[in-house]
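*Asks:*
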Amino acid sequence: MQRPSTERARSIGSVAAWIFAPLLAALVGVAVVPEAFHARLPDAPPLHQRWMATPTTVERLRAIDPAIATLYFDRRGSYVLGGGLEAATAAVGWADESQFERDLAAGAIRPDIRLVMYDPEGWPSTPLKEQRHPVAAMEAFAAAARSAGYGVIITPNPSLVDVAKADCMRSASKRWTKRCK
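Note that the sequence shown covers residues 43 to 223 in my numbering.
1. The alpha helix (DSSP H) that contains residue 196, what's its start and end?
2. In whole angstroms, what separates the C-alpha of residue 209 from that of residue 173?
3. Roughly how many angstroms lie between the CA atoms of residue 184 and residue 194, to the nearest whole one?
4. Give the straight-line distance between the Cα atoms of residue 131 and residue 90, rounded to the nearest whole angstrom.
5. Out of curiosity, what's the CA-to-CA distance linking residue 199 and residue 147?
6. According to the neighbour-count rule (16 or more other Cβ atoms, all chains shown, within 10 Å of its Cβ), is residue 181 buried or exposed?
7. Please list the segments of the alpha helix (DSSP H) lying wholly inside the region 107 to 178, counting only runs of 4 or more residues, in order along the chain.
8. Give the range of the beta strand (DSSP E) segment to which residue 212 is assigned.
9. Given a threshold of 16 other Cβ atoms within 10 Å of its Cβ, counted over all protein chains shown, does residue 165 qualify as buried or as exposed?
10. Contact defined as beta carbons within less than 8 Å: I believe residue 106 pairs with residue 160. What is the distance between those atoms, to the nearest angstrom?
11. Compare the C-alpha of residue 178 against each of 121, 111, 139 and 99 and name the closest.
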């Protein structure tokens, strides 16, 4: 009777080997393969890029993809307009250069602000004089900001080339170029 027991043990061992090996391979595959296909994010934004957004935009991005939000905005090299995120550099923007100078003179800019942005556009928030003479307004903004120790970002909107009687207007012969007097 010893023999059937030995044969049975071998039979169970063979079945276990045939089942266990593929099962183990499947479990390892399920655990490892998705990681192999998951894109790994770099440690910093590519090409030394600097990103700017509002806190609302960053939080919306964080809700969709936390890793991307962390990569681009949880670092000093990124700017958040109005502040609100500890890791990013707090920045604030103006569409009106003369208002910036008034705020600067009044000490109305928060002490945590390190970077200021001038965003002139062909819209009511930018005074018509600044729309018509955007280069002079940009130079004045940059000079005032730098003399106060701020970093400067200037983001002129393409709509400035459509402002009547402006120094910088769309070229009559070319669709996408502009010229400044």
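Glycine included, C-beta positions come from ideal geometry on N, C-alpha and C.
*Replies:* Reading off the structure:
1. No alpha helix (DSSP H) holds residue 196; the beta strand (DSSP E) holding it covers 193 to 196.
2. 9 Å
3. 6 Å
4. 15 Å
5. 26 Å
6. exposed
7. 108 to 115, 139 to 148 and 170 to 174
8. 210 to 212
9. exposed
10. The pair is not a contact, with the Cβ atoms about 30 Å apart (cut-off 8 Å).
11. 139
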